[in-house]
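Take a look at the structure set out below.
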Amino acid sequence: MLAGAGTLEQYAELGPLHRGTTLQGDYGATDFMISQPRGVVAVITPWNDPVAVACGLLGAALVTGNTVVHKPSERCPRTGELLCSLLADVHPDGVLSGLIGDGEVGAALTADPRIALIAHVGSSAAGRDIALAAARTGAKVLLENGGNDPLIVDRDVHPGWAAQQAALGAFANAGQICVSVERIYVHEAIAEPFLRALVDAAADTRPPPLVDHCHREQVHDTVTAAIDAGAHREVGGTLPSGGGSHYPATVLTECTPSMAVMSSETFGLVAPVREVRSFDHALADAADTGYGLAATALTGSMAHAQRAWRELPVGSVKINAAFGGAPGGAAHPRGRSGEGFGYGPELLDEMTATKVVHSEPPKL
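Counting from 1, position 126 in the sequence shown corresponds to residue 139 in the numbering used here; the numbering is continuous, with no gaps.
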């Protein structure tokens, strides 16, 4: 909630500073580029961070002069409905509207030819459908979709500290964060103490529940499939008794690239681990994915850190921190993870269209 409020304040300050550009043309003429609102923006937001993510997209769209239709996830409709109503109350009628519904409502919204821009944070499958709809209507799309974010643990870092970072990245918010750690590559030289510390951290984790029973079943099916294919369950990986949708923090070893737990987004508190012979090996395996959201490298080597951020084919690279970033930092996913800037001042550019103006005095 506080992150969402802070994001709204940030865009309220950045909006008036969003500027055009003058061009050096003929001495007797005036040339400039100016940003204008795109029109009607459809904002479709996820269930895992329903306030902060929505505030970023809504704030940037509104402060640049667009009107907005907001559809929150059907898994948290009332949160989105309340947020939208609070913001709509301080704008003129019709500037911000809300829609409640499932995928059919979202499909109808994105297919509407009156929509000029569609901003979506959510699954890669939904993102593909939105891109197809936008191709038919001509709408611009901003997509932040699924990720399969790797964590590389180099041989020269403290294994206990590295395990703490891995646990934070994989288990925070029950693993339901867009940039959660989804797969871990640890150098064989420190694999044993790292795994001991990671298993201890998992055993001590008391996570919140997953979003619902359906998602818990999906997470457990992915874990079970990995175990059936040869992965070793170090801790967790069993359905708890009783009600609720809790799932234990899980650590799997002897994971292979073909397992879904390594090749896809699990979006649960699961830490699949693969031992590697070298940093080169880890870098190659981490880069072998169609996703391109984020990645993390834990290393004491400046050369390895440089290689990590230069060579990993993702929009955001974190060195020696599972999470973090400047308040105004942007994100630009790649591949199946999406397209376009999200967050930061660059999002104001995405929410506007640039008009080039050339003006000469009349001949009198």
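All C-beta atoms in this analysis are idealised placements derived from N, C-alpha and C, irrespective of residue type, glycine included.
Small disclaimer: the values here were computed from a predicted structure and weren't measured.
query: Between the beta-carbon of residue 210 and the beta-carbon of residue 197, is there less than 7 angstroms?; result: no
query: Can residue 147 and residue 129 be called in contact, C-beta distance under 7 angstroms?; result: no
query: I'd like the span of the beta strand (DSSP E) that includes residue 327, first residue to last.; result: Unbroken run through residue 327: none, as it is neither H nor E.
query: For the alpha helix (DSSP H) holding residue 207, just list the boundary residues, first then last.; result: 204-217
query: Below 7 angstroms between beta carbons: does that hold for residue 119 and residue 57?; result: yes
query: Given residue 330, which residues of its chain have a CB within under 8 angstroms of its CB, disregarding the five upstream and five downstream residues?; result: 307, 308, 309, 310, 321 and 322
query: For residue 207, which residues of its own chain have a beta-carbon under 7 angstroms away from its beta-carbon, when the five flanking residues on both sides are left out?; result: 166, 172, 175, 176 and 199
query: Measuring only the C-alpha atoms, how far is residue 193 from residue 71?; result: 24 angstroms
query: Since residue 270 and residue 301 should fall inside the 8 angstroms C-beta cutoff, what is the C-beta to C-beta distance between them, to a whole number of angstroms?; result: 7 angstroms
query: Use the C-beta contact count for residue 81: other C-beta atoms within 10 angstroms, 16 or more gives buried, fewer gives exposed.; result: buried
query: Please classify residue 40: is it buried, with 16 or more other beta-carbons within 10 angstroms of its beta-carbon, or exposed?; result: exposed
query: Starting from the C-beta of residue 33, find all residues in its chain whose C-beta is less than 7 angstroms away, skip the five residues before and the five after it, and write them out in chain order.; result: 45, 46, 47 and 48
query: If you measure between the beta carbons of residue 343 and residue 359, is that distance less than 7 angstroms?; result: yes
query: Assuming the contact rule is C-beta atoms closer than 8 angstroms, residue 187 and residue 281 should be a hit. Round their C-beta distance to whole Å, please.; result: 7 angstroms
query: From residue 370 to residue 24, what does the alpha carbon distance come to, in whole angstroms?; result: 26 angstroms
query: With a 10 Å radius around its C-beta and 16 neighbouring C-beta atoms as the bar for buried, classify residue 59 as buried or exposed.; result: buried
query: State the Cα-Cα distance for the pair residue 337 and residue 278, rounded to the nearest angstrom.; result: 21 angstroms
query: What would DSSP say about residue 172, mapped onto helix, strand or coil?; result: helix
query: With a 10 Å radius around its C-beta and 16 neighbouring C-beta atoms as the bar for buried, classify residue 189 as buried or exposed.; result: buried
query: With a threshold of 6 angstroms on Cβ separation, who are the neighbours of residue 185 within its own chain once the five nearest residues in sequence on each side are excluded?; result: none
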